[in-house]
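S.K.: Below is the structure I would like to discuss, written out as structure tokens.
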Amino acid sequence: MKSLAELQALRDQMKANMGVRHDDTDNIRVVVGMATCGIAAGARPVLQAFTEEVSKRNLQNVTVAQTGCIGICQYEPVVEVYVPGKEKVTYVKMTADKVAKVVSDHLVNGNPVGEYTIGSMAK
Amino acid sequence: MYRSHVLVCGGTGCTSSGSAHIVEALETEIKKAGLENEVKVIKTGCFGLCALGPIMIIYPEGAFYSRVTPEDIPEVVAEHLVKGRIVTRLLYDETVHKDEILSLGETQFYKKQHRVALKNCGVIDPENINEYIAYDGYQALGKVLTEMTPADVIQLVKDSGLRGRGGAGFPTGLKWSFAAASENDQKYVCCNADEGDPGAFMDRSVLEGDPHVVIEAMAIAGYAIGANQGYIYVRAEYPIAVKRLQIAIGQAREAGLLGENILGTGFNFNLDLRLGAGAFVCGEETALMTSIEGHRGEPRPRPPFPAVKGLFGKPSVLNNVETYANIPQIILKGADWFRSMGTEKSPGTKVFALGGKIHNTGLVEVPMGTTLREIIEEIGGGIPNGKKFKAAQTGGPSGGCIPASHMDIKIDYDNLLEIGSMMGSGGMIVMDEDTCMVDIAKFFLEFTVDESCGKCVPCRIGTKRLYEILDRITKGKGEMEDIQRLKDLSKFIKENSLCGLGQTAPNPVLSTLHFFEDEYIAHIKDKTCPAGVCKDLLHYSIIAEKCKGCTLCARACPAGAISGELKNPHKIDPHKCVKCGACMEKCRFGAIVKK
Amino acid sequence: MDMVNIKINGMPLSVPKGSTVLEAARLAGIKIPTLCYLKEINEIGACRICMVEVKGARSLVTACVYPVNEGMEVFTNTPKVLEARRINLELVLSTHRKDCLSCVRSGNCELLQLCREYGVEDLHRFDGEMNEYELDTSAAHMVRDNSKCILCRRCAAVCAKNQGVGVIGPNERGFKTEIGCAFEEDLGKTTCVACGQCITVCPTGALYEKDATDKVRAAIADPEKVVLVQTAPSVRATLGECFGLPIGTDVEGKMVAALRRLGFDKVFDTDLAADFTIVEEANELVERVQNGGVLPMITSCSPGWVKYCEHYFPEMLPHLSSCKSPQQMFGALAKTWYAEKNGIDPKKIVSVSVMPCTAKKFELARNDQKAAGVPDVDISLTTRELARMIQRAGLDFVNLPDEDFDDPMGESTGAAVIFGATGGVMEAALRTAVETITGEELKTVEFTEVRGTEGIKEATYNVGGLEVNVAVASGTANAKKVLEMVKSGEKNYTFIEVMCCPGGCVNGGGQPQQPASVRNFVDLKALRAKALYDNDANKPVRKSHENPSLKKIYEEYFDGKPGSHKAHEVLHTTYVARNRF
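Protein chains in written order, with UniProt numbering: chain A, 1 to 123; chain B, 1 to 595; chain C, 1 to 581.
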């Protein structure tokens, strides 16, 4: 490293990788259901897609986590998004393709993707 | 990008309880499950809760698993990592609260702690400089080199009120200013990583868990005083610390954070390790420097002080590991932030190695001014087996005992000194009612006698004679004049010894004499050990009414000291009895007593 | 000079800046006791006997190394200070084998003196475990008795710093600390050069020479033996110290009288052999210069130096003059020329020397030191041993008459007398060599450039058109510096004098022990050397080659000239490379 600027750039890049270790309650939490049902329905590629997308966009305020069975197995893969101070949004029948839109609309711009939510699916 | 990080403690405590096997098992199982691109396994430094090792945390959930065995790993991987279901049975029980899982920070052990020096321990991979950088590593060095003059740095450290964490509590900024004021074309920065107090291991934990913080702080010190070379004097008995330091120095060099023209600022700083052979006296600054120079590790008279004539006769600064671990944060967060913790004369936090008769043994970092009661009863979880707290020993062989009557003492440098103990490097040994204070004094004296370098008369001969008097007393051969003799000799050794080792060696004797003189008198006059520890003063006997004559005791006795007919009360021959207590353990009727 | 104002025991005082409390107190007429401290050699603050109170200081401070500063208030004899010194001595005594009645240092033990001064009454107050030690008698010249050692480390300091040898130092640690050689090796198996400097600085009876006085007395009592004694130049300058005379008193006459009264058959002077050494050595130097021999040539009269060179610089052995030392030349002459002339069987001669030196005890058993087929010298005594013999014989030394050495081997020159001081051999050699080369008589015989007590001296002389660079080193640590400059080519000398002991033989390892309280404040080397230079100035003959006895012996025995075949057989020797480890 030849300068402080280089050091700072490296720090910012590395910080993104470490986000997973923050128990920061101010973070947006993306929770993927990874029980047997979820995995069988294809939750793993969804989880991977979220991790990759969040990392690509260097979103330091987002934690991607997994959880067990949420209890709505017919809708798996299920993904819950908790934005601090807002209602939980539950996306259902997620696929890896849908992830980019959720990340850009919801996580970045704060607009939940209505068409993927449990509300619209149930209709 | 990994979605999950598994942090396994790779500190010395957990390594010895088998954490390396945990890492192997994890890697195998994760591979089997095809998760190697999703889950990252990191070996960290010490978490502090060594009694529960091996320890492992899985993020992002922050699940804190304790006493993990390799056999547990397949389950952890299949359940937690694959399915996201936390394996509750392995959780540290303190984190399970009414079916809710608490984060580690909410447990009794961690709640009152405030981690500054240990900030990164158990959080980052100590063998990866990038993780240190991710947590603002080397930013302080960058700031110092680009925005501050050496005088600014020294003023900031002075303003923070940081005092040396190695024992005496000398103001760090003042120390640096002395070395900065000494004019010389060559100066040195040294780090005392020769932690030698029995029971203290916070420096080792920092080195194992966060080696870069020491490197960064030393470079900052080098800039402040005008030194371009540093030495870390680390004991060879700390192989993990040595290895991680070597890796860290190599990485820092490669990253251009050590060496020539650091961060393009024209500042040069190099760092080398020197391994100590484990002599306690080499923690004394002049002895440490003498040892680095390649001589027998012995102290030198001061003045000249190291700031004027230190390592290789050049102006030098020496701080210990924990002191350095505070520096980068002081630079980044400011003096006021640091002063917001602790007491006025002792700002900041202090790490204690909690040990002895206490539930949670391990490393705790608390703000200065925390009371002894909070540390022992809340963080430490109190005394096991319903026993009563008798005293806490701080400062290792240089310190003294704090009795129950002083449990509400706010712990800082000055308060400890006032009651005849000292901070030392932060060992804290808790003693319950079964501890004999004369025996404790003897224990510490034995250590000092062993570790005395032998250079000066008071320490070489005086401590030996002090030990012999204590030994006599614990064997029931003391006389009342011995108490005065102990006091006279202690005073002489304190005032006449060459270095801190000797000057503080009598403290355990003086402080136990001060608070527990009655125990000494009981040993001397009544020939009894009230705590029932001193073997020569113990007598085992059989209460005839309770003895059923089962012969178990007689068969257990290794000395053939017990005789008696079957189904008739037995007897112990006191001349043959070796006071091992085996009979008492075997007796099912409580018929054997020791007095 | 910058001065600072201080108070000692309430008395205002102005002392030079940079003085220690010890030095300042001395200016105020106050003696502060020391044990470990040797100025510029051992400033380690280890014995803690010199503790004084300084106003404002946390604990007592060591006067020996603590510098004064402006406004300082020192108290040297408060009850606290006196009690600390007494406890300190009592503790030392608890580890010390207190057989003072039979100790070699009984009478001049520094520890005993301090115990008396500080009122130690209870020898057993701190009795406890004592370490067990075995005597180290492995070396030819001395005994080490750790049971009397108080670990002041003066011995280790002179060995390492002055001599650059460092074969003794602390082993083990804490209560078990003991002075010894690396890996607990016997001293006799190390590179110890036998200089005995450690003995001269030892405050107690832990280090002493192997006493040979009983052997001498037995020889004298044996009617079959002819016992000849020779005395080295510097002994006359120091022997008086053992009898309360001021340092630097020349007691040549009383010494001769004492030796005669002890019963030696002949009392001769090593100085005659010193003159032989000069004549042979000057001849060797001239030959080396003229015939392209190995240069620089280095003197070989100091056996400690020779042993040092053999251990540490074996590659430099060709530089050593092949001349035997004066002690050995004397013994050789006594058992060849003198024996033949007087019809005595050399086997019946017991050749005794009195030397300022312990290395001489080692030297007499070297190979190639038997000119008559029997050892040139049989027994070598130190100055201290001679003093003990005189005391035991009940001689009132101070009041003895002055007597002269016996003829013919008691005749000597001023050049020989100054052998005992560093630079003396060089000066003596120059007196002879310059006259030999130029063929002209010197106008002044003093070569003052090579006088003085500095460790290394250099001078350049023009001798008959030839530029001669000379160097003089004393203390083998200084010799090492000179040799390294020669090896690296930095210096180009023709002739080098090396004396093993700092200051030369006047400060030799066999000389009277002066306590640290004297050593630290008096230039022992210069005072003793002055006695020799005065002796030289008063001599009628001051050039070795003009010694009448010497000329006669050359005529009778060595074909009338130095460097003859016979001279080589009797007066020259060889060296061996020795192991460094």
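For every residue, glycine included, the Cβ atom is placed at its ideal position computed from N, Cα and C.
It should be emphasised that the depicted structure is a prediction, and the values quoted were computed from it without experimental measurement.
By the 7 Å beta-carbon criterion, what residues does the segment 81 to 92 of chain C contribute toward chain B?
M.R.: A84, I87, N88, L91 and V92
S.K.: Are any of the Cβ atoms in chain A nearer than 7 Å to that of B:T323?
M.R.: Position 323 of the second sequence, counted from the start, is the residue given in the question as residue 323 of chain B. So, not an interface residue.
S.K.: Spatial neighbours of B:C50 within its chain, please: C-beta separation below 8 Å, excluding the five flanking residues on both sides.
M.R.: Looking up residue 50 of chain B in the second sequence gives position 50. In the same chain as B:C50, and ignoring 5 residues on each side of it, the C-beta atoms closer than 8 Å to its own belong to G11, G13, C14, T361, G362 and L363, in chain order.
S.K.: Listed in chain order, which residues of the segment 49 to 65 of chain B have Cβ atoms closer than 8 Å to some Cβ of chain A?
M.R.: Y59, P60, E61 and G62
S.K.: Just the chain A side, please: which residues come within less than 8 Å of B:I133 by C-beta, in chain order?
M.R.: Along the second sequence, read from residue 1 onward, the residue named residue 133 of chain B stands at position 133. Here the neighbours are L7, L10, R11 and M14.
S.K.: Kindly indicate which three-state DSSP category C:T62 falls into: helix, strand or coil?
M.R.: Position 62 of the third sequence holds residue 62 of chain C. In the three-state scheme derived from DSSP, where H, G and I count as helix and E and B as strand, C:T62 is classed as strand.
S.K.: Pull up the distance between the alpha-carbon of B:S563 and that of B:R465, whole angstroms please.
M.R.: Position 563 of the second sequence holds residue 563 of chain B. Position 465 of the second sequence holds residue 465 of chain B. Each residue's alpha carbon lies about 41 Å from the other.
S.K.: Using the three-state DSSP reduction, which class does B:G356 fall into: helix, strand or coil?
M.R.: Position 356 of the second sequence holds residue 356 of chain B. B:G356: strand per DSSP, three-state reduction.
S.K.: For B:F389 and B:G399, I'd like the C-alpha separation in whole angstroms.
M.R.: In the second sequence, the residue the question calls residue 389 of chain B occupies position 389. In the second sequence, the residue the question calls residue 399 of chain B occupies position 399. Between the alpha carbons of B:F389 and B:G399 lies a distance of about 18 Å.
S.K.: Determine the closest residue to A:G119 out of A:S104, A:V89 and A:N109, with distance taken between C-alpha atoms.
M.R.: The count along the first sequence starts at 1 and reaches residue 119 of chain A at position 119. Answer by Cα proximity: A:V89.
S.K.: If you measure beta-carbon to beta-carbon, which residues of the segment 482 to 494 of chain B are closer than 8 Å to chain C?
M.R.: D488, L489, F492 and K494
S.K.: With the cut-off set at 7 Å, would you say B:G549 and B:N568 are in Cβ contact?
M.R.: Counting from 1 along the second sequence, the entry for residue 549 of chain B is found at position 549. Counting from 1 along the second sequence, the entry for residue 568 of chain B is found at position 568. Taking 7 Å as the Cβ cut-off, B:G549 and B:N568 qualify as a contacting pair.
S.K.: Can you find the residues in the same chain that come closer than 6 Å, C-beta to C-beta, to C:Y37, ignoring five residues on each side of it along the sequence?
M.R.: Sequence index remark: in the third sequence, residue 37 of chain C carries index 37 (1-based). The answer, listed in chain order, is C64.
S.K.: If you reduce the DSSP assignment to three classes, tell me which class B:M584 lands in.
M.R.: Residue 584 of chain B sits at position 584 when you count from the first residue of the second sequence. DSSP places B:M584 in helix when its eight states are reduced to three.
S.K.: Could you name the residues of the same chain whose beta carbon sits closer than 6 Å to that of C:F330, not counting the 5 residues immediately before and after it, in chain order?
M.R.: As a working mapping, residue 330 of chain C is identified with position 330 in the third sequence. If we look at C:F330 and ignore the five residues flanking it on each side, its Cβ neighbours are Q230, T270 and A273.
S.K.: According to DSSP, is residue 599 of chain B part of a helix, a strand, or is it coil?
M.R.: Nothing can be reported for residue 599 of chain B, as the shown portion of chain B is limited to 1 through 595.
S.K.: State the CB to CB distance for the pair C:E70 and C:V4, rounded to an integer number of angstroms; the pair is presumed to be in contact (CB under 8 Å).
M.R.: Within the third sequence, the letter at position 70 stands for residue 70 of chain C. Within the third sequence, the letter at position 4 stands for residue 4 of chain C. Indeed, because the Cβ distance is near 5 Å, the residues count as touching under 8 Å.
S.K.: Using the Cβ count rule (16 or more neighbours within 10 Å means buried), how would you classify C:N478?
M.R.: The residue labelled residue 478 of chain C in the question sits at position 478 within the third sequence. C:N478 comes out buried.
S.K.: Whole angstroms are fine: how far does the CA of C:L13 sit from the CA of B:F178?
M.R.: Numbered from 1 along the second sequence, position 178 holds the residue referred to as residue 178 of chain B. Numbered from 1 along the third sequence, position 13 holds the residue referred to as residue 13 of chain C. Their Cα atoms are separated by approximately 29 Å.
S.K.: Quick one: list the residues of chain A neighbouring B:D136, beta-carbon separation under 8 Å, in chain order.
M.R.: By one-based count along the second sequence, residue 136 of chain B stands at place 136. Correct list: R11.
S.K.: Among B:V509, B:F170 and B:A200, which one has its Cα closest to the Cα of B:K345?
M.R.: In the second sequence, counting from the first residue as 1, residue 345 of chain B sits at position 345. Nearest option by C-alpha distance: B:F170.
S.K.: Quick one: any contact between the segment 525 to 543 of chain B and the segment 406 to 426 of chain B, if contact means 3 or more CB pairs under 8 Å?
M.R.: no
S.K.: Using beta carbons (cut-off 7 Å, strictly below), is B:N360 in contact with chain C?
M.R.: Locating residue 360 of chain B in the second sequence gives position 360, where the first residue counts as 1. Chain C, which has no Cβ nearer than 7 Å to the Cβ of B:N360, makes this no.
S.K.: Residues of the segment 240 to 269 of chain B with a CB closer than 9 Å to any CB of chain A: list them in chain order, please.
M.R.: A255, G256, L257, N261, I262, L263, G264 and T265
S.K.: Quick one: Cα of B:V39 to Cα of B:D125, how far?
M.R.: Mapped onto the second sequence, residue 39 of chain B falls at position 39. Mapped onto the second sequence, residue 125 of chain B falls at position 125. Each residue's Cα considered, the two are about 14 Å apart.
S.K.: For C:T460, which of helix, strand or coil comes out of DSSP?
M.R.: As a position in the third sequence, residue 460 of chain C is number 460, starting the count at 1. Correct three-state label for C:T460: strand.
S.K.: Within this structure, are the beta carbons of B:I379 and B:K119 separated by less than 7 Å?
M.R.: The residue given as residue 379 of chain B occupies position 379 in the second sequence. The residue given as residue 119 of chain B occupies position 119 in the second sequence. Result no, Cβ atoms of B:I379 and B:K119 do not sit closer than 7 Å.
S.K.: For A:M94, would you say it is in contact with chain B, using Cβ-to-Cβ distances shorter than 7 Å as the test?
M.R.: One-based indexing of the first sequence puts residue 94 of chain A at position 94. The beta-carbon of A:M94 is placed no less than 7 Å from the nearest beta-carbon of chain B.
S.K.: Beta-carbon within less than 8 Å of B:L258's beta-carbon, same chain only, minus the 5 sequence neighbours each way: which residues are those?
M.R.: Your numbering for residue 258 of chain B matches position 258 in the second sequence. Counting only Cβ-Cβ distances below 8 Å, and skipping sequence neighbours, we find I215, A219, I249, A252, F269, N270 and L271.
S.K.: Return helix, strand or coil for C:L123, following the three-state DSSP convention.
M.R.: The count along the third sequence starts at 1 and reaches residue 123 of chain C at position 123. Here C:L123 sits in coil by DSSP.
S.K.: Can a CB atom of chain B be found closer than 7 Å to the CB of A:L59?
M.R.: As a first step, residue 59 of chain A is located in the first sequence; it is residue number 59 there, counting from the start. Taking 7 Å as the threshold, the shortest C-beta distance from A:L59 to chain B does not fall below it.
S.K.: Should C:L27 go down as buried or exposed, given a rule of 16 or more other Cβ atoms within 10 Å for buried?
M.R.: The residue given as residue 27 of chain C occupies position 27 in the third sequence. With fewer than 16 other Cβ atoms inside 10 Å of its own Cβ, C:L27 counts as exposed.
S.K.: List, in order along the chain, the chain C residues whose C-beta lies closer than 9 Å to that of B:G462?
M.R.: Looking up residue 462 of chain B in the second sequence gives position 462. Going along chain C in sequence order, the residues near B:G462 (Cβ under 9 Å) are I87, N88, L91 and F126.
S.K.: So, does the segment 447 to 456 of chain C touch the segment 415 to 425 of chain C, judging by three or more C-beta pairs under 8 Å?
M.R.: When Cβ pairs closer than 8 Å are counted between the two stretches, the segment 447 to 456 of chain C is seen to touch the segment 415 to 425 of chain C, the count reaching three or more.
S.K.: Ordered along the chain, which non-local residues of its own chain (more than five positions away) have a Cβ less than 6 Å from that of B:S490?
M.R.: Within the second sequence, residue 490 of chain B is the residue found at index 490, counting from 1. Taking B:S490 as the centre and dropping the five residues before and after it, the same chain places the C-beta of P506, V509 and L510 closer than 6 Å to its C-beta, in chain order.
S.K.: Excluding five sequence neighbours on each side, which residues of the same chain lie with their C-beta closer than 6 Å to the C-beta of B:L275?
M.R.: Counted from its first residue, the second sequence places residue 275 of chain B at position 275. Only A236 meet the Cβ criterion.
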